[in-house]
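Numbering-wise, the sequence shown is residues 1 to 210 according to my numbering.
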Amino acid sequence: MKKIQYARNVLVLLIFFTFQYAFIYAQTNMSKEPMVNAKITSTGELDITPSATSSKNDFDFLVGKWAMVNKRLKMRLNHCTEWIPFEATGDYNTILNGIGNIDIYKSAFNPVSNKPYEGITIRLFNPQTKLWSLYWADSNYGTMDPPVVGSFEGNVGKFYCKDVFNGKPILVMFKWVKTDKDNYLWSQAFSPDNGVTWETNSTSVAHRFK
Numbered sequence: 001m002k003k004i005q006y007a008r009n010v011l012v013l014l015i016f017f018t019f020q021y022a023f024i025y026a027q028t029n030m031s032k033e034p035m036v037n038a039k040i041t042s043t044g045e046l047d048i049t050p051s052a053t054s055s056k057n058d059f060d061f062l063v064g065k066w067a068m069v070n071k072r073l074k075m076r077l078n079h080c081t082e083w084i085p086f087e088a089t090g091d092y093n094t095i096l097n098g099i100g101n102i103d104i105y106k107s108a109f110n111p112v113s114n115k116p117y118e119g120i121t122i123r124l125f126n127p128q129t130k131l132w133s134l135y136w137a138d139s140n141y142g143t144m145d146p147p148v149v150g151s152f153e154g155n156v157g158k159f160y161c162k163d164v165f166n167g168k169p170i171l172v173m174f175k176w177v178k179t180d181k182d183n184y185l186w187s188q189a190f191s192p193d194n195g196v197t198w199e200t201n202s203t204s205v206a207h208r209f210k
């Protein structure tokens, strides 16, 4: 009888934690998404390798002018579900004889400052490692963020880095999806647990207009 009662107690606890787990994920936008061509090593290092098809031409599709519909999570890693929408434009060009890509990002409104906003991204392809490094800076802070590093696997590119948010270590992921030559999707996500779970906090739906 004691064994049966013990088994029942274990089952009740499993059910309880399953529901708690599901509730937390439903409330916080947290999701599981496997890291691609990247992993955390046993010593805690972020190890990133290129895809077999990684190329200096992977961002050539961006060249031109784009209109974007964006959403930004009001608070990050704080169980927030409120999104702030805003629009922006981007002007993209290749640089450095084709191994680089640069864009100027502009918006009349930014959710952080409530002021007109500009950002710049410099993307550099390393011919030796076959990896892209993406550097971002904006008019809110005037500093260059740590680069996210990675490559495209087919039409999906994932780029990662270590960073610190609110005094705690996180992983950052940029995700690019080339839907077709005139449309792409972009998102940013933070992971507080070394890539086990991710909270998407910024998204962009872009359409080429020139």
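Quick reminder that beta carbons are idealized off the backbone N, C-alpha and C, glycines included.
- In summary, D103 is buried, with 16 or more beta-carbon neighbours lying within 10 Å of its beta-carbon over all protein chains present.
- Annotation for I120: the continuous beta strand (DSSP E) segment containing it runs 117-126.
- A distance below 6 Å between beta-carbons, with the five flanking residues on each side excluded, links S187 to the following residues of its chain, in chain order: K175, T200, T203.
- The straight-line gap separating the alpha-carbon atoms of T197 and Q128 is approximately 31 Å.
- Beta-carbon to beta-carbon, F159 and L77 are separated by about 19 Å, too far to satisfy the 8 Å threshold.
- In the structure shown, F190 falls within a strand segment according to DSSP collapsed to helix, strand and coil.
- Under DSSP, E199 shares a beta bridge with M30, F190.
- With 16 or more other CB atoms across the displayed protein chains lying within 10 angstroms of its CB, N110 is buried.
- In the structure shown, F109 adopts coil according to DSSP, grouped into three states.
- Looking at the DSSP output, N101 shares a beta bridge with T94, R123.
- Under the three-state reduction of DSSP output, L77 falls in the coil class, being neither helix nor strand.
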